[in-house]
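Written below as structure tokens is the structure these notes are about.
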Amino acid sequence: MKIGDIARAAGVTTSRIRFYEKRGIIAPAVRGPNGYRDYPEELIAILRFIEQAQGLGFSLKEIAGVDVAQGDHPISCDEAIRLLSGKLDSVAALIAEAKERQRRIKALIAELQGRKQSAA
Numbered sequence: 001m002k003i004g005d006i007a008r009a010a011g012v013t014t015s016r017i018r019f020y021e022k023r024g025i026i027a028p029a030v031r032g033p034n035g036y037r038d039y040p041e042e043l044i045a046i047l048r049f050i051e052q053a054q055g056l057g058f059s060l061k062e063i064a065g066v067d068v069a070q071g072d073h074p075i076s077c078d079e080a081i082r083l084l085s086g087k088l089d090s091v092a093a094l095i096a097e098a099k100e101r102q103r104r105i106k107a108l109i110a111e112l113q114g115r116k117q118s119a120a
């Protein structure tokens, strides 16, 4: 398939596909005699997987470290559960850190408001 067809089917831009190739996220396409890139149809599922993973907060480095298979399901359910569980733990830690930061900010605001009222 041509790059434009793959891009439309996967919901990505052609430049994104080229970027993924340059970064080694996806295998480079085979070039036909005419010089055009020829992509396998299975790449559509892989590109959708990459987009979904990025939307869930995975970096391209993390995605590149995943063994991706051909077919409708680029990774096994067990592997997906393992990766998602790890990401969920990271998100929970970020939420806890943000809540602590929020608590400290509120405390500082209250302290400053108290000083302001004392000075008045």
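Quick note on the UniProt record's numbering: the sequence shown kicks off at 1 and runs consecutively. The beta-carbon is built from N, C-alpha and C at its ideal position, and this holds for glycine as well.
Beta-carbon proximity of residue i to residue j, cut-off 9 Å
i     : j     : result
Val12 : Gly57 : no
Ile46 : Pro28 : no
Arg23 : Ala64 : yes
Glu51 : Ala80 : no
Tyr36 : Ile6  : no
Leu43 : Val66 : no
Leu60 : Ile25 : yes
Which residues DSSP lists as bridging residue i, in chain order
i     : result
Arg37 : Arg31
Nearest-angstrom Cβ-Cβ length linking residue i and residue j, presumed shorter than 8 Å
i     : j     : result
Glu62 : Met1  : Contact doesn't hold; Cβ gap of about 27 Å is too wide.
Phe49 : Val68 : 7 Å
Residue-chain proximity (residue i, chain C), Cβ-Cβ < 9 Å
i      : result
Ile105 : Given the protein chain composition of this structure (a single chain), no chain C is represented.
Q. Unbroken beta strand (DSSP E) runs of length 3 or more, entirely within the stretch 44-120: which are they?
A. none
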